[in-house]
Each structure stands twice: as C-alpha cells, then as structure tokens.
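Quick note on the working numbering: the sequence shown kicks off at 1 and runs consecutively.
Working notes for the structure below.
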Amino acid sequence: MRRSSILYTILAILLLWLAFRQVSPAAIVPLFQQIRGDQLSILLLLNGLVLGTLVLRWHLLLRAEGYRVPLLALLRYRLAAFGVTYFTPGPQFGGEPLQVLFLKQQHAIPLQSAIATVTMDKVLEMVANFGFLVGGALLLLRQGMIPQRIGMQGLSVGLLLFALPLTLLIAYLQGRQPLSALVRGTERMMPKPWRRGDQAWVRRAAAALYESEQQIAALCRHQPRHLVWSAFVTVVGWGLMIGEFAYAARIFGTSLTATEVTMVLVAARIAFLLPMPAGIGTLETSLTLAFQLLGLPPATGLALSLLIRARDVSLGLLGLSLGGITFLTQQDLRGLQ
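Put into structure tokens, the structure is as follows:
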C-alpha cells in the first residue's frame, strides 16, 4: 500500500472518530427507524430525477453533435463513470475517460466527438457546482452565519475554482481552443528527443484535443438551442438536489430554511472536493459540524451524511457492476466475430 493511501486511511478513521465522538449511535438509530416506506420512495424518486437530469444533459449535447444514444445506455455509462469517480481520491474527476470509451466502443462515435460531448458536459457541471459554492458562500457571509475571515478565504478559493470552468466556457463561446493551446505550449517546452517519432504522444494528443475543442466551439456557436437547454437542465438538476436534501432532513425530523440548506450543501460539496476517496470522514464531519453551527441536532447531520453515504456507495457499486458487464459483453461479442 502506498504512503498516500495509508495517510488517507488514517485521516479518514480520525475524521470518522471525530464525527461519531459528537454523536452517540443511540441518537442516530431512532432517526432511521422512523423513516416510512412512502418517504423512502419519494426520496428515491427525487434522486432518480436528479440522475435523469445528468443523463438528459449529456443526451442533449450528443444530439447537438448529431448522435442519438439511448437514454438507458447513457444512464449505464454515467453510473459506471460515477463509480470510478466516487472511489477515486480527488475532487470529482476520474470517470470521464470511461464515458468517452463507452461512446467510442459501444456506439462507434468518433473519438473527437466523444471527447467533445464529455468535456462540455463536465464544463457545464463544474460551472454549476462551483457557482453554487460561490453563491452559497456569499449568502452565508451576508447572513453572518460564518466568521468573516473564514468566509472570505472560502470565497476566494470558490471564485478561483469557479473561474476555471467559466473561462473554458467563455473561450468556447468565442470559438477558441484553450486546452489544446495549453498542450501545444507544453510540447514546445519539452526536450526535442521527446517530440520525435514514437514518443510524440503530446503532439497526437494535442491534435485529437484540438479537433474536439473545434467541435465544442462549433456546438456553442452553431447549436445555441441545445446549449441553452443543457444549461437549463443543469439548473433544474440543482433545484432537485436542493429539494432532495431538504426532504431528507425533514424525514429525520428537522425542517431547514433555504439559508440552512445552502450552508449544509456547501459543507457537503467542500467535503467531496478534498482529496479523500468518496469523501470518507470529511462528509460525516462537515455535516455534523454544520448542524452544530446552525444550532440544530448534530445527530441529524450525521444521519444525513450516512444516508448520503449509503446512496452514493450503492450507486457507485451498481455503476461499477454495470460497467463491468458492458465490457464483458463487448468482449464476448468480439470473440463471436
């Protein structure tokens, strides 16, 4: 086991210990026991609708490129990618190459088009996610719910994170290819032997990326209707996530105001940005502390984190299973040919 893995494991155990130190298991068990079947069904429905918006946005972007991929197939690929992303240390990345691979292998979509749609999908997702963090931090600062110094530091980080995908989106709307320009600049700085013959992988990557970004720029400029609808679906998805979170808290007997929901969701998002696989420990600790700061039962915060954990682990494992089945099926078909 690598040192980083050992460090993350120790840190996760420490954070979980801190979270459960604040709340006894005896306070959490009754919260789960009071959940009714109809409430769980509504919660599952809300989560299904959130997943639906993610799949629909990707579907719209593929339609803009002229490709029709069944929604159920995209759901399967999206869940598989989520499984990889969820269990990979780091902030919300890891499964995107798998999405590209599925489009190319399962539907014969050209590599450049697959990269273009997955990249644009991720850019819209990050603009929405980091935009929510910035908006949430501003709201919490205005309401005086967090210390000024901590709030300004968090806002600065949020603005930086928000600026990165927003800059990409603006560049694409202007017809530019920012990432391929960055790769070409990197190639020029590399030693000449690395740029010759079989080792010219940077040049090949730059060419593929350039073509993909050309398609993204064309999509933004010539298919604005699909782009607007994709952005609208993203906003609807965030609204459903907020509603899902508020309803989950209500199931546990705590009604949250809009400001309180914002604070808790900001805490949850920050937890997943930290370099811990699946946000282990960080999610539980952040929600417990957030509820304490709001003067609400910390047991509810910890129960919410455990509910989110159960949902995400289930979806992640389901996604990895579906991804494995898809690959095995593809291998069997190749064997028959």
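Glycine included, C-beta positions come from ideal geometry on N, C-alpha and C.
These numbers were taken from a predicted model, which means no experiment stands behind them.
{"Asked": "Residues near I115 by beta carbon distance below 8 Å, same chain, minus five either side", "Found": "V100, A208, L209, S212"}
{"Asked": "Backbone secondary structure at T257 - three-state DSSP", "Found": "coil"}
{"Asked": "Candidates R269, L240, F272, of which the one nearest L44 by Cα", "Found": "L240"}
{"Asked": "Cβ neighbour criterion (16 or more within 10 Å) applied to M152", "Found": "exposed"}
{"Asked": "Spatial neighbours of L173 in its chain, beta-carbon cut-off 6 Å, leaving aside the 5 residues before and after", "Found": "C220"}
{"Asked": "As assigned by DSSP and simplified to three states, the class of Q18", "Found": "Note that residue 18 is Leu in the sequence shown here, rather than Gln. Of the three classes helix, strand and coil, the one that applies to L18 here is helix, per DSSP."}
{"Asked": "Residues of its chain near S230, where Cβ-Cβ distance is below 7 Å and the 5 sequence neighbours each way are ignored", "Found": "R57, L60, L61, L124"}
{"Asked": "Segment limits, alpha helix (DSSP H) that includes E65", "Found": "Taken as a continuous stretch (DSSP letters only), E65 belongs to no alpha helix (DSSP H), as it is neither H nor E."}
{"Asked": "Where A108 falls: helix, strand or coil (DSSP)", "Found": "coil"}
{"Asked": "Inter-residue Cα distance where the pair is G281 and A217", "Found": "40 Å"}
{"Asked": "Buried versus exposed call for Q215 [16 or more other C-beta atoms within 10 Å across all chains shown]", "Found": "buried"}
{"Asked": "Cα-Cα separation, R184 to A206", "Found": "6 Å"}
{"Asked": "Limits of the unbroken alpha helix (DSSP H) element including Q148", "Found": "148–173"}
{"Asked": "Where the alpha helix (DSSP H) through R225 begins and ends", "Found": "224–251"}
{"Asked": "Neighbourhood of L317 by C-beta, 8 Å cutoff - its chain only, sequence neighbours within 5 removed", "Found": "G83"}
{"Asked": "Residue range of the unbroken alpha helix (DSSP H) whose run includes I28", "Found": "25–33"}
{"Asked": "Contacting residues, own chain, Cβ-Cβ under 7 Å from T117 (five flanking each side not counted)", "Found": "W58, L61, L62, E65"}
{"Asked": "Burial state of S24 (16 or more Cβ within 10 Å)", "Found": "exposed"}
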